[in-house]
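Heads up: take any position in the sequence shown, counting from 1, add 949, and you land on this note's numbering. Built from N, CA and C at the ideal position, the CB exists for glycine as well. Take a look at the structure below.
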Amino acid sequence: MVKKTIAIDGPAGAGKSTVARLVAKRLGYLYIDTGAMYRALTLLVMNQSIPVTNEEEITALAKKSDIKLINNNGRVFVYCNGINVTEKIRQPEVSHYVSQVASIPGVRKRLVELQRAMTGSGRVVMDGRDIATTVLPHADCKFFLTASVAERARRRYRELIEKGFKITEEEIEADIRHRDVMDSQRKVSPLVCAPDAIVIDSTNLTVTEVVDTIIGYCERMR
Ligand code: DC
C-alpha cells in the first residue's frame, strides 16, 4: 500500500470506528479516532460541571487539557490528563452532550491541531466528521460512510447493550437524529461529504465488505 493518509467521515453510528480500526490493522497503519477526542473533552466538561453553553470556559479547558490516543495491540485507549477514559467516554450522557461541545470553534481549533500533529509522516487512518474537508484536506483516499438512521440506531443499541448500558433503541435513534442535525448544521466545519470523497452506504453491507471496499479503492488509487 503506497497511500499514506486515509480519511473516513460520516454520521454517528455509521460504523466508522469499527471499519477504520480494521482498515488500519490490515494495512499496519495508525488509527486516529477523532470522535473519541471530542468525547474525552466532553467527559471532562461534565466532570467539572461546566455548562455546555459556556464556550469560553470550555475553550480554555480544551487548551490546557492533554488528550491522547494510545494504540496498543489493535486497540485504542483514550487518555485525558493522564487518566484512562476509554470506557467512560462511551456513556450515553457523553454522546448526548458531545455535539454541542464539538460545535465550539475554540474546541475544534485545539483538537484539529492535536489531530494533525498525530498524523506525523503519514500512514494513518483517521475517522470523524471533518477529516476530508478540514483536518486532512489533502488525504490520499477519502471516504464518506453512511447508513440509514434505523440501521445506525440498531448498531449503536447492540453495542451499548453489550456494554451493559440500560437504554432503548428509540432513545438511541432520537439521539442519533439530534446529533445528525447538530453535526451537519454547525457553523465551523460541519459534517459534509467532501466533493472528492467516495460514498459508501453500509446499510446492507457487513463490516468485512466495507473494509474490503475501502482497501480495494485505496489499492486502485495507487
Ligand atoms: O464518532 P463519534 O460518535 O464518537 O463522535 C462523537 C461526536 O464528536 C460527534 O457527534 C460529533 C463530534 N465529532 C466532530 O465534530 N468532529 C470529528 N472529527 C469527530 C467527531
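Near residue i, which residues of its chain fall below 6 Å by C-beta distance, leaving aside the five closest residues on each side in sequence?
i       : result
Ile955  : Val1074 and Cys1090
Gly1071 : Lys953 and Thr954
Ser1133 : Pro1139 and Leu1140
Lys1112 : none
Tell me, to the nearest whole angstrom, how far the beta carbon of residue i is from that of residue j; I am working on the premise that it is less than 8 Å.
i       : j       : result
Ala961  : Arg1101 : 7 Å
Leu895  : Ala985  : The structure shown does not extend to residue 895, since the chain is modelled only from 950 through 1171, so no value can be given for it.
Gln1049 : Met1131 : 7 Å
Lys1037 : Leu992  : 6 Å
His1088 : Ser1151 : In the sequence under discussion, the amino acid at residue 1088 is Ala, which differs from the His named in the question. Not really, about 20 Å apart at Cβ, beyond 8 Å.
Ile957  : Phe1092 : 5 Å
At the level of alpha carbons, what is the spacing between residue i and residue j?
i       : j       : result
Val1034 : Gly977  : 25 Å
Ser1052 : Val1001 : 10 Å
Gly1031 : Ile1016 : 8 Å
Cys1142 : Asp1124 : 21 Å
Leu971  : Arg1135 : 30 Å
Lys965  : Gly959  : 7 Å
Pro1054 : Tyr1166 : 33 Å
Tyr1028 : Arg975  : 25 Å
Arg1169 : Ser1138 : 29 Å
Leu1109 : Phe1026 : 18 Å
Tyr1106 : Ile1121 : 7 Å
Asp1129 : His1045 : 12 Å
Arg1023 : Pro1144 : Here residue 1023 turns out to be Gly, not Arg, going by the sequence shown. Distance between the alpha carbons of Gly1023 and Pro1144: 31 Å.
Pro1086 : Lys1013 : 26 Å
Thr983  : Ala1009 : 19 Å
Leu1094 : Asn1153 : 12 Å
Leu1140 : Gly1069 : 24 Å
Tyr995  : Arg1103 : It should be noted that the sequence gives Met, not Tyr, for residue 995. Each residue's Cα considered, the two are about 27 Å apart.
Val1061 : Met1067 : 10 Å
Ala969  : Ile1164 : 10 Å
Taking all protein chains shown into account, do 16 or more other C-beta atoms lie within 10 angstroms of the C-beta of residue i, making it buried, or fewer, making it exposed?
i       : result
Arg1057 : buried
Thr1083 : buried
Arg1059 : buried
Ala963  : buried
Ala1011 : buried
Arg1065 : exposed
Using a Cβ-Cβ cutoff of less than 7 Å, which residues in the same chain neighbour residue i once the five nearest sequence positions on both sides are dropped?
i       : result
Thr1162 : Ile1149
Asn1020 : Leu979 and Tyr980
Val1047 : Tyr987, Arg988 and Thr991
Quick one: residues in its chain with C-beta nearer than 8 Å to the C-beta of residue i, no 5 flanking neighbours on either side, listed in chain order?
i       : result
Arg1126 : Val1098
Thr967  : Val1156
Leu1063 : Met986 and Ile1016
Ala1146 : Ala956, Asp958, Ala1081, Lys1091, Phe1092 and Phe1093
Taking 8 Å as the cut-off, is the CB of residue i close to at least one heavy atom of ligand 3?
i       : result
Ile1080 : Ligands in the displayed structure: ligand 1; ligand 3 is not one of them.
Query raised in the report: Contact between the segment 1002–1011 and the segment 1032–1044: three or more CB pairs below 8 Å?
Result: Contact between the segment 1002–1011 and the segment 1032–1044 is absent: fewer than three C-beta pairs spanning the two stretches fall below 8 Å.
Query - Touching by the beta-carbon criterion (3+ pairs, under 8 Å), the segment 1114–1124 and the segment 966–981 - result: The segment 1114–1124, when compared against the segment 966–981, does not touch it at the 8 Å Cβ threshold.
Query raised in the report: How do the segment 1071–1087 and the segment 1152–1160 stand: do at least 3 beta-carbon pairs fall below 8 Å, yes or no?
Result: Result no; under three Cβ-Cβ pairs closer than 8 Å.
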